[in-house]
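Residue numbers are given in this note's numbering: position 175 of the sequence shown equals residue 177, and the series is strictly consecutive. Encoded as structure tokens, the structure appears first; notes follow it.
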Amino acid sequence: MNPVQLPEHWNQMYSTRQEQELSWFEEAPAISLELLLMPRLDIQAPVLDVGGGSSRLVDALLDRGFIQPAVLDISAAALEKSKKRLASRASRVRWIVADITRWEPDRQYMAWHDRAVFHFLATEEQRAAYRSALERALPPGATAVIGTFALDGPERCSGLPVRRYSPESLAAELGPGFTCTAVRSVDHATPTGKVQHFQFSRFVRE
Ligand SMILES: C[S@@+](CC[C@H](N)C(=O)[O-])C[C@H]1O[C@@H](n2cnc3c(N)ncnc32)[C@H](O)[C@@H]1O
Numbered sequence: 003m004n005p006v007q008l009p010e011h012w013n014q015m016y017s018t019r020q021e022q023e024l025s026w027f028e029e030a031p032a033i034s035l036e037l038l039l040m041p042r043l044d045i046q047a048p049v050l051d052v053g054g055g056s057s058r059l060v061d062a063l064l065d066r067g068f069i070q071p072a073v074l075d076i077s078a079a080a081l082e083k084s085k086k087r088l089a090s091r092a093s094r095v096r097w098i099v100a101d102i103t104r105w106e107p108d109r110q111y112m113a114w115h116d117r118a119v120f121h122f123l124a125t126e127e128q129r130a131a132y133r134s135a136l137e138r139a140l141p142p143g144a145t146a147v148i149g150t151f152a153l154d155g156p157e158r159c160s161g162l163p164v165r166r167y168s169p170e171s172l173a174a175e176l177g178p179g180f181t182c183t184a185v186r187s188v189d190h191a192t193p194t195g196k197v198q199h200f201q202f203s204r205f206v207r208e
């Protein structure tokens, strides 16, 4: 899909479906939290959920007292859903409408989370742009948690083709500046009862 059509595609997804109808919906982001908070993340630490959509990860971070969560997504409609759900707590979150492959970070984060976004990046150019944003946004010692479809996961999501990764092939994409410190194999049950196999990897920025 042409990059200029992407915001429209995702806005349409979020505007025509209830949260629980989205195949990637999860009530509680347990694995994401486990990997992000491992071994410990100070609640003062700025955390960025890349392609966070209407995910409830930001709710969970606020519940745990995090004071600087940020959510970035190409879809303004997705972020509006989260803002509505969070009501008055939404003002404690930094909301960023942007394409991650064109985004220039204006500050640094101690943790970067991406569940099911990197795997949409089809070209080497897009993946290099993502890597560049990741490298600029994270100082040494910061954490990146990236979940993608596993090698035996689906080949498409929301009508778009995806690339599937093993922990090793994902680590190779990120390069030597990131050390993998933990891996999880996750079966996600979609709201229609299908099982999607994900891999989640936690990296530390060197
Ligand atoms: C499969 S959904 C996952 C949403 C969320 N991470 C979750 O776990 O619920 C993919 C998300 O990535 C966003 N997205 C897709 N391409 C993007 C891009 N190039 N830049 C930023 N966000 C993007 C979509 O709008 C959507 O919210």
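Cβ coordinates follow ideal geometry from the N, Cα and C atoms, glycine included.
Per DSSP, cross-strand counterpart(s) of residue i
i	result
GLY149	ARG117 and PHE202
VAL197	ALA191
LEU162	CYS159
ARG207	PHE180
The beta strand (DSSP E) enclosing residue i, as first and last residue numbers
i	result
SER187	180-191
Residue i at chain B interface by Cβ criterion, 8 Å
i	result
LEU43	In summary, chain B is missing from the structure at hand, where a single protein chain is found.
Ligand 1 heavy atom lying under 7 Å from the CB of residue i
i	result
SER57	yes
GLY54	yes
PHE120	no
SER160	yes
ILE45	no
ARG117	yes
ILE98	no
ILE33	no
SER77	yes
LEU74	yes
THR150	no
THR103	yes
ALA30	no
GLU8	The identity of residue 8 in the sequence shown is Leu, whereas the question assumes Glu. Checking every heavy atom of ligand 1 against the Cβ of LEU8, one is found closer than 7 Å.
TRP12	yes
TRP26	yes
ALA80	yes
Delimiting residues of the alpha helix (DSSP H) encompassing residue i
i	result
MET41	Note that residue 41 corresponds to Pro in the displayed sequence, not to Met. Run containing PRO41: none; DSSP gives neither H nor E here.
Subject >> Complete alpha helix (DSSP H) runs within the segment 96-144 (minimum length 4 residues, chain order) >> reply: 126-139
Original post:
At a cut of 8 Å, does the segment 73-86 reach the segment 5-14 through at least three beta carbon pairs?
Top reply: yes
Original post:
So, do the segment 127-136 and the segment 94-107 have three or more beta carbon pairs nearer to each other than 8 Å?
Top reply: yes
Original post:
Counting pairs of beta carbons, one from the segment 107-123 and one from the segment 154-166, are three or more of them closer than 8 Å?
Top reply: yes
Original post:
If you pair each beta-carbon of the segment 141-151 with each one of the segment 108-115, do three or more pairs fall below 8 Å?
Top reply: yes
**OP:** Any chance you could list the alpha helix (DSSP H) runs of at least 4 consecutive residues sitting entirely within the segment 4-77, in chain order?
**Re:** 8-18, 32-38 and 59-65
**OP:** Could you tell me whether the segment 81-93 touches the segment 56-65, using the rule of 3 or more Cβ pairs below 8 Å?
**Re:** yes
**OP:** Determine, using beta-carbon pairs with one atom in the segment 65-74 and one in the segment 92-101, whether at least three such pairs fall under 8 Å.
**Re:** yes
Subject >> Three or more C-beta pairs below 8 Å linking the segment 196-206 and the segment 154-163 >> reply: yes
Original post:
Do the segment 168-179 and the segment 18-25 meet, that is, are 3 or more Cβ pairs less than 8 Å apart?
Top reply: no
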